[in-house]
Each structure stands twice: as structure tokens, then as C-alpha cells.
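First comes the structure, then the notes that go with it.
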Amino acid sequence: MSTPDPPLPSLAARPPANAAAAGPEPAPPGPKPEPQTETETETESDDEGARALLGKLNKVAAPPDLASRVPDLIQRRSAGRFFAKRRLADRLPLEWVSLVMLALLALIYAVLRMAPALLPTP
Amino acid sequence: MDARDEADLIRRLQQRDEKAFVLCVRTYQDKVYGLIYRMLGNHAEAQDVAQEVFVTVFKSIDSFRGESKLSTWLYRISANHCKNRIKYLRRRAHKTTTELDAQAERALQNTSGSTLGEGQAGPAEVLEGAQLEQIVQRAIGKLEEEHRLLLVLRDVEEMSYEEIMQVTGLPEGTVKSRLHRARQALKEEIARHTK
Numbered sequence: 009m010s011t012p013d014p015p016l017p018s019l020a021a022r023p024p025a026n027a028a029a030a031g032p033e034p035a036p037p038g039p040k041p042e043p044q045t046e047t048e049t050e051t052e053s054d055d056e057g058a059r060a061l062l063g064k065l066n067k068v069a070a071p072p073d074l075a076s077r078v079p080d081l082i083q084r085r086s087a088g089r090f091f092a093k094r095r096l097a098d099r100l101p102l103e104w105v106s107l108v109m110l111a112l113l114a115l116i117y118a119v120l121r122m123a124p125a126l127l128p129t130p
Numbered sequence: 005m006d007a008r009d010e011a012d013l014i015r016r017l018q019q020r021d022e023k024a025f026v027l028c029v030r031t032y033q034d035k036v037y038g039l040i041y042r043m044l045g046n047h048a049e050a051q052d053v054a055q056e057v058f059v060t061v062f063k064s065i066d067s068f069r070g071e072s073k074l075s076t077w078l079y080r081i082s083a084n085h086c087k088n089r090i091k092y093l094r095r096r097a098h099k100t101t102t103e104l105d106a107q108a109e110r111a112l113q114n115t116s117g118s119t120l121g122e123g124q125a126g127p128a129e130v131l132e133g134a135q136l137e138q139i140v141q142r143a144i145g146k147l148e149e150e151h152r153l154l155l156v157l158r159d160v161e162e163m164s165y166e167e168i169m170q171v172t173g174l175p176e177g178t179v180k181s182r183l184h185r186a187r188q189a190l191k192e193e194i195a196r197h198t199k
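Protein chains in written order, with my numbering: chain W, 9 to 130; chain D, 5 to 199.
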């Protein structure tokens, strides 16, 4: 006489067929986190070691002529549209030029008015 | 540069004021060049890329929204240019050599023609610094671009995580985990070079 087959586990205990679509079940609560292990301590010290090495690298300074080369480059690439070299007349503000001219004219006028008084009488 | 001065500088840059642009270059050139040099390991390439970065700043300043500091934006442009240059050089199979800085070169020359390890007299600290510089820079050059960038931004330029997030566009957790992997990779590269 054959021994009876062990009873099948209850269907209710099986997860439903669409469990995969619903996503994985949450993991059962695990043990409390252990205090920091030796590996974690080594990892942190490795990070600190790398940081210390990188921190010792010399600061690198830019070439001193970079600030003059870049505007020249922009001027060339823009065919003079930006940062073009301007003539002296273009760089002087018109107001100053006007004031200087007026002052010069006033001076000439004053000299011409005073000229008869200055010239020796024959 | 405080926020008010920076806002004024940005306004003048957007008006294409030449003096403002020169001031911008002078103010940020060391930071930009430092990042680029550490990424590329070559002064000639770094000078070329640094110029391109500032040309990009000039062209794109109108698109700067002021949501971050100007320096952060400059770093972002620099990082993108570096990544593009690295890819370009890799395609060209260009072997970039890591350069010693001028001080280290002089230090090596001042050891009466001796090579390292022969015990000749010389400023020990300078030599040690020069060797360290060379080894570390070479190791940095072997890393992936993303690792290289994070190491330089955090451990060389000493930027905060927030600034790094703004430069890279990565979330904080990703920055930290990649940074940790980058440091591990650097340690392995240095160990390989010092064997």
C-alpha cells in the first residue's frame, strides 16, 4: 500500500498570479544595522586618502595673456563686428572734443582782441 | 565678487562691453583654466579649450538666467568643453602627456643631471611634490571623464555638493556614489603607477 502524497500547500498561501505586475513584495524586516564594519571604515579612509592627495596638487594659474588673446579671437571670428580696434578719434568722447574746441576758439578770440594792445606802436 | 557686482557684470556682458568681458576673463581665468588643465593634463590643450570656453561665454551670455552663480555656469561650460575635447582626442588617438609644472621641471634639472632614485642631492620636498604631482595627474588622466570631473570639482576645486549638482546636473546621491567610485579608481591607478 503506497503512502499517501503529502498534502499540497494551500492555494491561499501562494501569491496571486499578477503579483509580478504589482511589483516585488517588500522584504521582510531584516536585522538592525550593524555598527560600522572594518570594510566601511577602510572605505572612508580610502576616500580621505584620495582627497588628501588631490588637495596637495598645486593650483594652476592661467597664462597671463589669456585676457588679451580671447578678445582678439572674438574680434577675428566676428570679422571685426565685436571688439574691433578703434581709432583715437573713435575712442575720444565727442563731448570732450567739443569742449576742447570751444575753449581753443575762445582762447584764439581773446588773443586776437588783445593783439592791438600787445603790439608795439610804430 | 559679490552678487551686486556680478549682476552688473552680467548686464554689461550682455551689452557686449569689451571691458566687462576682459574683467570677466581676468576674474575667472584661473578657476576655469585650473579645471580644464586637471581634466586634460596638457597645457597646450588647456589653453585652447580655455579660450573656447570664454568665446562660448561671450556668445551665450544672453541665455544665462542667473539661477546659479556666474562661476558655476562657467564651470559647466568648461566641463562640457572638456568632455568634448577628450572625446575628440580619443578619436584622434592622441596621446596626451602629463606635464610637470615648471617648478618641478626645474627641480628635476637641478639635481645635477641625476635621475630620480639615484640619491643625488636636491630639494627633497620639491622632488617629492613634483613626483606626486606627476603621478596623481597621470592617474587622473586614466579615469573616465565623469569620474575625473567629479574628483577635480570636489577634491581639487573644493566645490560644494550643491555647486557640483548644478555643474553636472546630477542628483546629490549620484554625485556622492560616483565620487566614491572615482576615488577608488584613482587609488587603484596610483597603486598601479607606483608598483
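Backbone N, C-alpha and C define an ideal beta-carbon position, used for all residues, glycine too.
Listed by chain order, chain W residues near residue i by CB distance under 9 Å
| i | result |
| --- | --- |
| residue 54/D | 70, 71, 74, 78 |
| residue 136/D | 61, 64, 65 |
| residue 18/D | Going along chain W, no residue has its Cβ under 9 Å from residue 18/D, so there is no contact; the nearest lies around 13 Å. |
For residue j and residue i, the rounded distance between their alpha carbons
| i | j | result |
| --- | --- | --- |
| residue 167/D | residue 35/D | 14 Å |
| residue 140/D | residue 18/D | 40 Å |
| residue 110/D | residue 198/D | Reliability of the predicted coordinates at residue 110/D is poor, the pLDDT of 48 falling under 50, and no value is obtained from them. |
| residue 193/D | residue 91/W | 46 Å |
| residue 200/D | residue 30/D | One cannot answer for residue 200/D here, as it falls past the ends of chain D, which runs 5 to 199. |
| residue 21/D | residue 92/D | 33 Å |
| residue 55/W | residue 12/D | 40 Å |
| residue 102/W | residue 85/W | 29 Å |
Closer than 7 Å at the beta carbon, the chain W residues around residue i
| i | result |
| --- | --- |
| residue 147/D | Correct list: empty, because the minimum Cβ distance to chain W is about 11 Å. |
Nearest candidate by alpha-carbon position, reference residue i, set the options
| i | options | result |
| --- | --- | --- |
| residue 78/D | 94/D, 59/D, 91/D, 95/D | 59/D |
| residue 151/D | 91/D, 187/D, 70/D, 28/D | 187/D |
| residue 10/D | 68/D, 140/D, 146/D, 86/D | 68/D |
| residue 61/D | 85/D, 71/D, 45/D, 44/D | 85/D |
| residue 82/W | 181/D, 25/D, 92/D, 74/D | 25/D |
| residue 144/D | 90/D, 16/D, 177/D, 48/D | 90/D |
| residue 45/D | 146/D, 164/D, 185/D, 70/D | 146/D |
| residue 175/D | 16/D, 136/D, 133/D, 154/D | 154/D |
| residue 87/D | 76/D, 138/D, 43/D | 43/D |
Per-residue contacts from residue i into chain D (C-beta, under 7 Å)
| i | result |
| --- | --- |
| residue 100/W | Per Cβ cutoff of 7 Å: no residues; residue 100/W is ~16 Å from chain D at best. |
| residue 6/W | As displayed, chain W neither begins before 9 nor continues past 130, which places residue 6/W out of reach and without an answer. |
Chain-ordered chain D contacts of residue i [CB-CB under 9 Å]
| i | result |
| --- | --- |
| residue 57/W | 187, 191 |
Interface residues of chain W facing residue i [CB-CB closer than 8 Å]
| i | result |
| --- | --- |
| residue 37/D | 68, 69, 70, 71, 74 |
| residue 160/D | 62, 63, 65 |
Neighbouring residues, chain A, relative to residue i (Cβ below 8 Å)
| i | result |
| --- | --- |
| residue 30/D | Given the protein chain composition of this structure (W and D), no chain A is represented. |
Quiz prompt | Inter-stretch contact at 8 Å, needing at least 3 Cβ pairs: the region 68 to 86 of chain W / the region 51 to 62 of chain D | solution = yes
Fill in: Cβ contact check for the region 57 to 77 of chain W and the region 20 to 39 of chain D: 3 or more pairs under 8 Å
yes
| task | Taking 8 Å as the threshold, find out whether the region 156 to 164 of chain D comes into contact with the region 54 to 65 of chain W through three or more Cβ pairs. | result | yes
Is the region 170 to 177 of chain D touching the region 79 to 99 of chain D, taking contact as three or more C-beta pairs under 8 Å? yes
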